[in-house]
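In the numbering used here, the protein residues as written are 15 to 99. We treat Cβ as the ideally placed atom computed from N, Cα and C, and that holds for glycine. Since we're looking at a predicted model, the values are computed, not measured.
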């Protein structure tokens with residue numbers, strides 16, 4: 015059951031930022047750079063007591079994947095849009 019929940023959660027963490035970038039378009043590239051930095055800080059931070067629980071692991075994983083995809087996707091889309099304009 016937990017593997018199905020984890021799969022759905024990480025699939026949502028991938029699809030939600032892609033949808034948000036498609037719907038609202040990337041606006042300011044510094045925000046996307048900050049999102050990538052925040053994802054790396056979150057992913058490389060030492061473990062806390064929250065990570066010892068299943069819900070905490072899912073929360074950290076969702077936040078990491080969401081921020082990383084949103085940040086990188088916004089930078090790629092911003093650069094591509096800027097070249098064509």
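Close Cβ partners of residue i (< 7 Å) along its chain, the five nearest in sequence each way excluded
i, result
"residue 28", "79 and 83"
"residue 52", "81"
Span of the alpha helix (DSSP H) around residue i
i, result
"residue 64", "Premise fails: residue 64 is in no alpha helix (DSSP H) and is neither H nor E."
"residue 44", "43-58"
"residue 31", "16-38"
Classification of residue i by the beta-carbon crowding that lies within 10 angstroms, buried from 16 upward
i, result
"residue 106", "Any question about residue 106 goes unanswered here, given that the chain covers just 15 to 99."
"residue 1", "Residue 1 lies beyond the residue range present for the chain, which begins at 15 and ends at 99; the question has no answer from this structure."
Straight-line Cα distance separating residue j from residue i
i, j, result
"residue 58", "residue 48", "15 Å"
"residue 103", "residue 26", "A question about residue 103 goes unanswered here, because the residues of the chain that appear run from 15 up to 99."
"residue 60", "residue 66", "12 Å"
Nonlocal neighbours in the same chain, by C-beta distance under 8 Å from residue i, ignoring five residues either side
i, result
"residue 86", "46 and 50"
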